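Have a look at the structure below, then the notes.
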Amino acid sequence: MTLQASSISGRAASHTDERTVLRRVLSSAAIGQFVEWYDFVVYAYSAAIIAKLFFPNSDPTAALLSTFAIYAVGFVMRPLGGFVFGPLGDRIGRRRVLSLVILMMGAATVCIGLLPTYSQIGILAPILLVICRLIQGISAAGETVGSNSFVAEHAPSDRRGLYVAFTYSFANLPPIVAALLVLFLTNVLSGEAYASWGWRIPFLIGGPLALVGLYIRDKVEESPAFKATQAAKRVAANPMLEAVRDQKQQMGFSFALAAFSSLGFYTLAGYFVSYLTATVGLNSNAALVSNSIALFTAFVMMIVGGHLSDRFGRKPILLIGLIINAAVCIPAYLLAASGSLLTAIIGQSLLAIGCGLFWGPVGIALLELFPTRTRFSASAISYNLAYTIFGGTAPFLGTWLILQSGSKIAPAIYMAVLSVAVLLVVSRIPETYRKSLIHPEDVAAK
């Protein structure tokens, strides 16, 4: 009886330890996603003020375009970050890379909050702003793919979609938190005080958030899949070269998934507030409220999409999300452009339903395409290249399309076309939701 009780106690303790490890992994990934997207979104929400302080120009549209161009500059570094952090994560492990990138992201964000303006140091101000955005971009390249890989490789196989979607969904919360913070500051401070120094506060908050994330990441273990590859002495010597040589088709699929994911996210989180204020004419408070409701809708739909993908597969949920997006893009923009808060909320929320459903399984779907030995490299390169092309240009291109066409729904047509194009690609992607993340080449010689 004593031996039996001891055995039961041991199994219970082991189960408790596994749950503790998983909680830490989920917490570290969630806060990492939050910090990464918080830093990017705060810049987008501050675009109008940054345009005046760092790009003085008699034409406000030109100044805003300059600000969004700097926003896009951060994305130019993402492919480079993928080339740096992807292979590094496949060679030395996910945990070390994730600790480094969150520290870099937080430091760059704090620096933006401390920068002198154009009136104080002249042309050096926008130059320093560009440098900070470059650091943000290169560090962000390792965060999403790295933390999603970390969660997927720790999660039980029947809940990978749910757990990755849950932590990935935290990317939708920073715009809400940032919106509430901006609303609070603009209502508490005078317009002059906010334009002078109040806008810096959201950036300065990014530093402590990053330190909390770093502390949690120091408490978690490396993923079982990576440790198994290490134990089998199958860590790739040059994972980037191996991925490009052997996994071109999978990288193409990953690129397509990330293309629509990035356009959808940065349209909702990085562009729509400026669209509602500068193009539609809503006041900033109303635009932030509408955006927050839409992003919370996306947060919920991501978790739903991830859960459904564990039951029915990744492809069906991805396809349904794309079909919804293609169908509602133009009606959603027409509603948002009608000029009232209610129609803006309805329009944005329609976009959020389709995008959220797609985002739910997209994080795990692109990771399951690759073996452990090249997973970080292959997904980081294809994912970040797509984010540069489609995500980084979303605010700039949305503004430019309206300027050139004179139509408020021009960005909607662009999104609808991309939805259909990616839908055609997804129809060819193999189903992966019941397959092991540890591929034969991860633990044995080919």
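Take 214 as the starting number for the sequence shown in the numbering used here and just add one per residue. We treat Cβ as the ideally placed atom computed from N, Cα and C, and that holds for glycine. Small disclaimer: the values here were computed from a predicted structure and weren't measured.
Alpha helix (DSSP H) containing residue i: first to last residue?
i, result
"Ala-444", "437–444"
"Ala-378", "373–381"
"Arg-641", "Premise fails: Arg-641 is in no alpha helix (DSSP H) and is neither H nor E."
"Gly-519", "497–525"
"Pro-387", "386–401"
"Tyr-428", "413–430"
"Asn-597", "585–599"
"Ile-577", "554–580"
"Thr-612", "607–618"
"Pro-452", "452–459"
"Gly-319", "307–327"
"Leu-347", "337–367"
"Ala-261", "260–267"
"Tyr-331", "331–334"
"Val-656", "653–656"
How big is the Cα-Cα spacing for residue i and residue j?
i, j, result
"Ala-338", "Trp-250", "23 Å"
"Val-513", "Gln-333", "44 Å"
"Gln-460", "Phe-583", "8 Å"
"Thr-556", "Leu-508", "15 Å"
"Glu-405", "Ala-511", "34 Å"
"Thr-233", "Ser-497", "42 Å"
"Gly-374", "Leu-570", "12 Å"
"Ala-606", "Lys-621", "The sequence as given places Thr at residue 606; Ala does not occur at that position. Rounded to whole angstroms, Thr-606 to Lys-621 spans 17 Å at the Cα level."
"Leu-393", "Val-493", "21 Å"
"Ala-657", "Ser-562", "48 Å"
"Phe-247", "Gln-349", "14 Å"
"Pro-292", "Val-310", "16 Å"
"Asn-597", "Phe-296", "9 Å"
"Tyr-479", "Leu-328", "25 Å"
"Gly-294", "Gly-306", "16 Å"
"Ile-662", "Ala-623", "Within the shown structure, residues of the chain are numbered from 214 to 659, placing residue 662 beyond reach of any answer."
"Arg-632", "Cys-324", "A quick correction: the sequence has Ser, not Arg, at residue 632. If I take the Cα positions, the gap works out to 37 Å."
"Tyr-256", "Leu-454", "35 Å"
"Gly-619", "Asn-538", "23 Å"
"Leu-396", "Ile-263", "17 Å"
"Gly-518", "Thr-357", "18 Å"
"Asn-451", "Phe-473", "29 Å"
"Leu-481", "Pro-653", "40 Å"
"Gly-573", "Asn-400", "35 Å"
"Ala-354", "Leu-347", "11 Å"
"Ala-423", "His-367", "22 Å"
"Cys-345", "Asp-252", "11 Å"
"Arg-641", "Pro-269", "49 Å"
Who are the Cβ neighbours of residue i in its own chain at under 6 Å, not counting the five residues just before and after it?
i, result
"Ala-205", "Outside the modelled stretch of the chain, which goes from 214 to 659, sits residue 205, for which no answer is possible."
"Phe-589", "Gly-299, Gly-302, Asp-303 and Ser-362"
"Met-464", "Ala-591 and Ser-595"
"Arg-413", "Gly-326"
"Cys-542", "Ala-625, Met-628 and Ala-629"
"Ala-456", "Thr-587, Ser-590 and Ala-591"
"Asn-385", "Leu-508, Ala-511 and Phe-512"
"Leu-579", "Ser-467, Leu-470 and Ser-592"
"Ala-445", "Val-656"
"Ala-550", "Val-493 and Lys-621"
"Ile-516", "Ala-378, Phe-379 and Ser-382"
"Val-254", "Pro-387, Pro-388, Ala-391 and Ala-482"
Excluding sequence positions up to five away, which residues of its chain have a Cβ less than 7 Å from the Cβ of residue i?
i, result
"Ile-559", "Leu-548"
"Ile-651", "Ala-438, Ala-441 and Thr-585"
"Phe-267", "Thr-330, Tyr-331, Ala-338, Pro-339 and Leu-342"
"Glu-644", "Gly-526, Arg-527 and Lys-528"
"Ser-312", "Leu-427, Arg-430 and Asp-431"
"Ala-225", "Any reading at Ala-225 must be qualified, since the residue scores a pLDDT of 42, below 50, and its modelled position is unreliable; no value is offered."
"Phe-288", "Gly-350, Tyr-600, Thr-601, Gly-604 and Gly-605"
"Val-364", "Val-238, Leu-239, Ala-242, Tyr-376, Val-377 and Thr-380"
"Gly-411", "Leu-398 and Leu-402"
"Ile-389", "Ser-505, Leu-508 and Phe-509"
"Phe-485", "Asn-504 and Gln-561"
"Gly-567", "Gly-534, Ile-537, Asn-538 and Val-541"
"Ser-475", "Ala-599, Tyr-600, Phe-603 and Gly-604"
"Gly-245", "Leu-311, Ile-315, Glu-356, Ser-360 and Gly-426"
Near residue i, which residues of its chain fall below 8 Å by C-beta distance, leaving aside the five closest residues on each side in sequence?
i, result
"Asp-371", "Asp-523"
"Gly-552", "Val-493, Gly-494 and Leu-495"
"Lys-648", "Glu-581"
Does the stretch 328–344 come close enough to the stretch 525–533 that 3 or more CB-CB pairs lie under 8 Å?
At 8 Å Cβ cutoff, the stretches do not touch.
Between the stretch 236–249 and the stretch 427–436, are three or more C-beta pairs nearer than 8 Å?
Segments in contact, yes.
Assess contact between the stretch 409–417 and the stretch 303–320, defined as three or more Cβ pairs (one per stretch) separated by less than 8 Å. Is contact present?
no
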